[in-house]
Amino acid sequence: MSTEKAPSTTMVIFGATGDLTKRKLIPALYRLKTLDLLPETFNIVGVATRGYSDADFRSHAEKAIDAVKAKSVSEEREQSIGVDTLFSNVRFVSTPFDKREGYAELAKVLDSLDAGCTTPCSRLYYLATPPSFFPIIIEQLHSAQLSGFEGGGRADDPQRDHAPKIIIEKPFGVDMESAQTLNALVSRHFREEQVYRIDHYLGKETVQNILFFRFANGIYEPIWNRRYIDHVQITAAEAIGVENRGKYFEEAGILRDMVQNHLLQLLSLVAMEPPISMESEAIRSKKVDLLDSIRAITSEDVATNSVRGQYGPSAKTGAGYRDEEGVNKESQIETFAALKLDIDNWRWSGVPFYLRTGKRLGQNLTEIAIHFKAVPHCMFTETITGCPENNILVLKIQPDEGITFQFNVKRPGSSNYVESVPMDFSYKESFKTKLPEAYERLLLDCMLGDSTLFPHKAGIESSWRIITGILDGWKELPKEDFPNYSGGSWGPEASDTLIEKDGRVWRNP
Ligand code: BG6
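Structure follows, in structure tokens:
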């Protein structure tokens with residue numbers, strides 16, 4: 004993470020009374036403050052429909068800060084950070100997001116805060132609302148002359164360098180068409196360098212490390228291809244259910260919620276070509292190339308290359324998805340998805356990438372497992388399987404962050420028994436420090452104007468191309484017999500079949 008301090012900033016959070024602000028944004032700001040990475044002047048303005056006063060929002064923020072402190076064994080100095088030390092001013096604008104007057108009031112609040120900034124305060128808008136409000140807020144910001152695009156984005160516009168930044172939460176659209184429409188709207192009112200589409204997975208230390216692991220070591224690149232790699236498995240399993248997000252999930256489903264963004268981002272980092280530098284554009288363009296080369300799953304092959312699941316009740320984990328609040332009793336929404344994706348390029352032709360993600364699975368586990376090809380000749384026959392197990396390199400994204408390489412050795416003793424053993428790197432052991440939270444890094448980068456870790460509009464459209472094909476295909480298939488997996492399991496049987504029919508198995512813990 005940068006050691007450069009963010010510039011004086013006024014951050015405006017739309018949807019400030021929601022879950023994201025409390026659980027992620029304010030805790031991330033608090034931790035940036037403990038690292039002394041926030042500026043002297045840092046104002047926060049909450050915007051939401053709830054009838055909060057400034058004082059109400061202040062106590063909302065205070066509670067969020069207290070909750071982080073309660074969880075961490077922090078130093079005395081950190082304990083002393085409260086709402087008054089974290090924020091120079093805390094303001095709240097209570098308004099429906101589509102009401103013009105609300106933005107006029109916001110403009111007045113921002114002007115009054117500017118007056119207290121010794122160096123000009125950069126503005127940062129954070130759209131943390133349900134996605135249906137994104138277009139409305141973007142239009143209204145522009146109409147209220149708050150987007151900084153008043154000069155039409157001309158290079159000679161004197162305001163250009165001080166233009167506000169805007170962070171847009173996921174999901175960015177619900178399909179290819181809506182993502183394109185949203186991108187077009189954003190481009191009409193903001194210049195691309197003002198826009199930060201967020202995918203918090205990219206802020207995770209272990210995800211950033213994928214490029215470092217691949218390109219700061221000379222030994223992997225020669226074997227990182229179809230000649231040595233048999234297949235890749237990407238798993239993002241969560242033990243929790245949909246919690247209090249039943250209503251959102253009924254619209255989204257796991258394919259939109261996790262695959263379109265997080266899983267395809269992991270895939271593109273692990274499979275992209277080497278960029279020429281760590282510059283934002285260099286990395287983004289290689290990622291887009293990779294996403295563009297993923298073969299579309301069509302209606303014809305959706306049944307063979309994808310699996311949907313929905314969790315049912317279980318003694319271990321309680322209610323099924325259909326019993327969650329806000330969920331239709333006959334819901335056909337998927338809480339689990341598994342895919343087999345092919346990449347049509349020279350490096351990966353013939354190497355399948357199996358992806359799976361789900362709620363209420365056996366345990367929390369996100370990892371990328373690279374399965375290498377078997378030895379060409381099997382001369383050690385004294386093993387359980389008859390041949391040595393294939394080498395597997397596992398990038399452990401979370402929890403228990405690290406990297407494991409599974410390789411074969413001779414088991415000590417008089418027989419020639421081959422056994423697979425792990426070689427482990429653990430962040431905890433090697434660095435003895437707590438890893439920063441994803442939002443910390445991403446908020447700081449945005450304030451510093453670095454968009455490297457934010458998905459590009461072309462990448463988002465490309466990932467929607469893949470997801471929209473699958474969603475369209477699913478619509479044409481007969482209704483699923485949901486629920487089809489019990490809470491606490493590893494998903495529906497069909498997920499095992501998806502990979503086993505190719506002679507492979509999922510790596511379940
Ligand atoms: C979010 C999804 O983007 O990521 C959630 O909307 C999911 O459904 C979450 O639980 C997982 O994030 P993390 O950082 O806990 O792996």
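Take 4 as the starting number for the sequence shown in the working numbering and just add one per residue. Yeah, the Cβ is synthetic: ideal placement off N, Cα and C, and Gly gets one too.
Please list the terminal residues of the continuous beta strand (DSSP E) segment that includes residue i.
i	result
Ser125	Ser125 to Leu130
Arg359	Phe356 to Gly361
Gly49	Phe45 to Ala51
His374	Leu368 to Phe375
Val96	Asn92 to Ser97
Asn411	Gly405 to Lys413
Arg311	Ser309 to Gly312
Tyr199	Val198 to Arg200
Asp292	Taken as a continuous stretch (DSSP letters only), Asp292 belongs to no beta strand (DSSP E), being part of the alpha helix (DSSP H) at Ser283 to Asp295.
Gln236	Ile232 to Ala240
Ile346	Note, Ile346: premise wrong, no beta strand (DSSP E); not H, not E.
Thr471	No beta strand (DSSP E) holds Thr471; the alpha helix (DSSP H) holding it covers Lys460 to Glu479.
Pro425	Val421 to Ser429
Met14	Thr12 to Phe17
Between residue i and the rest of its own chain, which residues show a CB-CB distance below 6 Å, the 5 nearest in sequence each way excluded?
i	result
Met179	Trp467, Arg468 and Thr471
Gly490	Tyr314, Ser317, Thr320 and Arg363
Lys1	Nothing about residue 1 can be read from this structure; the chain reaches only from 4 to 512.
Met275	Lys289, Lys290 and Leu293
Phe485	Gln313
Thr209	Ile400 and Glu404
Leu185	Gly176
Starting from residue i, trace the alpha helix (DSSP H) both ways and give me its first and last residue.
i	result
Gln401	That residue, Gln401, is in no alpha helix (DSSP H); its beta strand (DSSP E) goes Ile395 to Gln401.
Lys66	Asp57 to Lys74
Lys36	Ile29 to Thr37
Ile171	From DSSP, Ile171 is part of no alpha helix (DSSP H) but of the beta strand (DSSP E) over Lys168 to Ile171.
Gly249	Gly249 to Ile257
What whole-angstrom Cβ distance do residue i and residue j have, given they're in contact under 8 Å?
i	j	result
Ser150	His192	5 Å
Gln409	Pro425	5 Å
Ile300	Ile473	5 Å
Glu440	Ala31	6 Å
Leu127	Ile170	7 Å
Thr12	Cys124	6 Å
Gly494	Gly361	5 Å
Gln197	Lys168	5 Å
Ala147	Ala110	6 Å
Phe216	Ile406	7 Å
Val235	Val262	No, Val235 and Val262 are not in contact; Cβ-Cβ is about 15 Å, not under 8 Å.
Look at the alpha carbon of residue i and the alpha carbon of residue j, and state the distance between them as a whole number of angstroms.
i	j	result
Ser454	Arg94	27 Å
Ala19	Ala51	6 Å
Arg510	Thr238	9 Å
Ile16	Glu246	23 Å
Ala158	Leu446	Any reading at Ala158 must be qualified, since the residue scores a pLDDT of 49, below 50, and its modelled position is unreliable; the value itself is stated next. Their backbone Cα atoms lie some 26 Å apart in a straight line.
Ser283	Arg414	47 Å
Ser190	Asn367	38 Å
Asp326	Glu81	42 Å
Phe383	Ser418	11 Å
Val310	Asp304	11 Å
Phe356	Ile222	22 Å
Gly156	Arg230	Note on Gly156: pLDDT 47, under 50, position unreliable in the model; the coordinate value appears next. So the alpha carbons of these two residues sit roughly 48 Å apart.
Buried or exposed: where does residue i fall if 16 or more other Cβ atoms within 10 Å of its Cβ makes it buried?
i	result
Ala131	buried
Gly353	exposed
Thr98	buried
Ala58	exposed
Cys449	buried
Ala118	exposed
Arg298	exposed
Thr44	buried
With a CB to CB cut of under 7 Å and the five nearest residues on each side skipped, what residues in its chain are close to residue i?
i	result
Ile139	Phe100 and Asp101
Val412	Glu422 and Val424
Phe218	Pro277
Gly206	Ala441, Tyr442, Arg444, Leu445 and Leu456
Ser465	Val291, Leu294 and Asp295
Ala377	Cys390 and Asn393
Among residues of its own chain, excluding the 5 on either side of residue i, which ones have a beta-carbon nearer than 8 Å to its beta-carbon?
i	result
Ile68	Ile29, Pro30, Tyr33, Ile84, Gly85, Val86 and Leu89
Gly365	Ala240, Ala242, Gly491, Ser492, Trp493, Asn511 and Pro512
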